[in-house]
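Worksheet for the structure shown next.
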Amino acid sequence: MNIFKKFYCRAYQTVFRILLPFLPYREPKILGGMSDVADLLKKEGKKKAVIVTDGGIFKLGLTDGLTDALSKAGIDFILYTEVTPNPTITQVERVRKIFVDNGADSVIAFGGGSSIDCAKIAAARVVKPKQSVGKMKGILRIGKKLPLFIAIPTTAGTGSEVTLAAVITDDKTHYKYPINDFCLIPQYAVLDPAVTLGLPPQITATTGMDALTHAVEAYIGRSTTRYTRKKAIEATKLINENLLVAYNDGKNVVARKNMLHAAYCAGIAFTQSYVGYVHAVAHALGGKYNTAHGLANAVILPYFLEEYGKSATKKLAKLAKATDVADETDDNATAAAKFIARIKELNSFMNIPEHVEGIKKEDILQMAKNADKEANPLYPVPRLMDAEQLSQMFKKVGGLH
Numbered sequence: 005m006n007i008f009k010k011f012y013c014r015a016y017q018t019v020f021r022i023l024l025p026f027l028p029y030r031e032p033k034i035l036g037g038m039s040d041v042a043d044l045l046k047k048e049g050k051k052k053a054v055i056v057t058d059g060g061i062f063k064l065g066l067t068d069g070l071t072d073a074l075s076k077a078g079i080d081f082i083l084y085t086e087v088t089p090n091p092t093i094t095q096v097e098r099v100r101k102i103f104v105d106n107g108a109d110s111v112i113a114f115g116g117g118s119s120i121d122c123a124k125i126a127a128a129r130v131v132k133p134k135q136s137v138g139k140m141k142g143i144l145r146i147g148k149k150l151p152l153f154i155a156i157p158t159t160a161g162t163g164s165e166v167t168l169a170a171v172i173t174d175d176k177t178h179y180k181y182p183i184n185d186f187c188l189i190p191q192y193a194v195l196d197p198a199v200t201l202g203l204p205p206q207i208t209a210t211t212g213m214d215a216l217t218h219a220v221e222a223y224i225g226r227s228t229t230r231y232t233r234k235k236a237i238e239a240t241k242l243i244n245e246n247l248l249v250a251y252n253d254g255k256n257v258v259a260r261k262n263m264l265h266a267a268y269c270a271g272i273a274f275t276q277s278y279v280g281y282v283h284a285v286a287h288a289l290g291g292k293y294n295t296a297h298g299l300a301n302a303v304i305l306p307y308f309l310e311e312y313g314k315s316a317t318k319k320l321a322k323l324a325k326a327t328d329v330a331d332e333t334d335d336n337a338t339a340a341a342k343f344i345a346r347i348k349e350l351n352s353f354m355n356i357p358e359h360v361e362g363i364k365k366e367d368i369l370q371m372a373k374n375a376d377k378e379a380n381p382l383y384p385v386p387r388l389m390d391a392e393q394l395s396q397m398f399k400k401v402g403g404l405h
């Protein structure tokens, strides 16, 4: 990256770091279960909710507890069950139309990050009917309170139930981009391990590694605070201790509960301290090839941690020691290497491949430009990279060297 662009990126990030204590971050209020959701809607005088989920969750019957509780409370609801792993503008607009046409007054996102992200932007479109999804791209473009919004995560990974971010794919251009605004932080979240018990092992694996990526990128970035470092360490430690347990025994309630809490903590950490190039590259792959986000992050993470080299060694070492991945007596290089090795070990144990299959060389330049556009100047990464350098990372991730 040329010196002028580097200066601009670091100056931009410095301004955000200075403003961090003054920005209106908040955390959602936690509800205990589905009956609490119904009680809240009744207390708030709400009459009709739109439930946003995906077909797999609906077919498994995971939404039954919620719909039964709403029915008993006399609250009407409409189910939208067509969210895909990388939610699109078309899906957002369908949810918005359902909300408006049926006179709904609240939104319940039930599922993984895709369902929650789709519901967030649909709710934003309800309150900003003249602003297209494309015009919401970037930072603080919405600025208006959403309808009553409740997030019920069924995966322990994205942290979308606590973040100000949503990621949407333009289904015409295959460009995937984040939308960030404080109003997108859900007002309430339900952290119920019961709805995660039926999660297949491979989704458990990739969503868990997604949460780990959030925690690690937040911790090694240059915009951390004492609070976000604390939350990143808490998340990393919980994931290291519980992910393989949940993967091998999906009915283990304690492991599932700990993973939900880990994803929540990681979400808090990266909402305030941001992510990095791992996410930018994963978003580009998701937009182009519909690559599952958690899978992409899991594969990409060790490549970037190695590429960052000395610029991330000290912080990685601290994280490794704080989470018992390395010994206190290890020097920084050894501790950082142990941490990267542990990520590779987790991937291997859970049958996550070393490369993202199907990356075409002719697509790399445009994907690298998209990743560069997303990440720079906002993401406070340990070491800055431009589109050309990111192109080389796409090749490494795809095993094309």
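Position one of the sequence shown corresponds to residue 5 (our numbering), numbered consecutively onward. Beta carbons are placed, not taken as given, at the ideal position from N, Cα and C, and that holds for glycine.
- In this structure, the alpha-carbon of Y278 lies about 32 angstroms from that of D253.
- Secondary structure at V166: coil, using DSSP grouped into helix, strand and coil.
- Sequence-distant partners of L247 (beyond 5 residues in either direction) whose C-beta falls short of 6 angstroms from its own C-beta, in its chain, are G212.
- F153: member of the beta strand (DSSP E) spanning 152 to 157, first to last residue.
- Three or more pairs of CB atoms, one per stretch, sit closer than 8 angstroms, so the region 275 to 290 contacts the region 377 to 392.
- Taking C-beta atoms as the reference points, P197 and I154 fail to come closer than 8 angstroms.
- Closest by C-alpha distance to T275, out of K10, Y16, P25, is P25.
- A284 is a Cβ neighbour of E378, given a cutoff of 8 angstroms.
- For V279, the three-state secondary structure derived from DSSP is coil.
- Residue burial is scored here from C-beta neighbours: F8 has fewer than 16 other C-beta atoms within 10 angstroms and is therefore classed as exposed.
- Cα atoms of K314 and Y307: separation of roughly 14 angstroms, rounded to the nearest angstrom.
- Closest by C-alpha distance to A77, out of K261, E165, K47, is K47.
- In this structure F103 is buried. Its beta-carbon is surrounded by 16 or more other beta-carbon atoms within 10 angstroms.
- Here the region 166 to 173 makes no contact with the region 219 to 227; the two share fewer than three CB pairs at distances below 8 angstroms.
- Annotation: the continuous beta strand (DSSP E) that includes F114 extends over 110 to 115.
- Taking 8 angstroms as the cut-off, the Cβ atoms of P357 and V303 count as close.
- Collapsing the DSSP output to three states places V54 in a strand.
- Comparing alpha-carbon positions, the option among M371, I61, S75 lying closest to T295 turns out to be M371.
- Fully contained in the region 179 to 261 are the following alpha helix (DSSP H) runs of length 4 or more, in chain order: 205 to 224, 230 to 252.
- Contact fails between the region 124 to 135 and the region 156 to 163, because fewer than three Cβ pairs, one in each stretch, are under 8 angstroms apart.
- If you draw a straight line from the Cα of R14 to the Cα of P204, it comes to about 41 angstroms.
- In the three-state scheme derived from DSSP, where H, G and I count as helix and E and B as strand, T173 is classed as strand.
- Within its own chain, the residues whose Cβ lies closer than 7 angstroms to the Cβ of H218, once the five positions on either side in sequence are excluded, are G163, A270, G271, A273, F274, V279, listed in chain order.
- Taking the Cβ atoms as the reference, A267 lies roughly 4 angstroms from A215, within the contact range of under 8 angstroms.
- Contact check for F62 against T85 passes: the beta carbons are separated by less than 8 angstroms.
- Note: L35 is bridge-paired with V194 in the DSSP secondary-structure output.
- Beta bridge pairing from DSSP links T88 with no other residue.
- If you draw a 10 Å sphere on the C-beta of F353, you find fewer than 16 other C-beta atoms in it, and that means exposed.
- Restricting attention to G291, E311, P133, the CA atom closest to the CA of P182 is found in G291.
- Contiguous alpha helix (DSSP H) elements confined to the region 298 to 347 occur at 314 to 326, taking only those with 4 or more residues.
- Residue burial annotation: P157 is buried, with at least 16 other C-beta atoms found within 10 angstroms of its C-beta.
- Between V137 and R129 the beta-carbon gap is near 7 angstroms, inside 8 angstroms, which marks them as a contact.
- Taken atom to atom, the span from the alpha-carbon of V199 to that of T67 is near 9 angstroms.
- Look at G161 here: in three-state DSSP terms it is coil, with no helix or strand label.
- Note that the C-beta distance between V54 and V111 is below 8 angstroms.
- Collapsing the DSSP output to three states places I61 in a helix.
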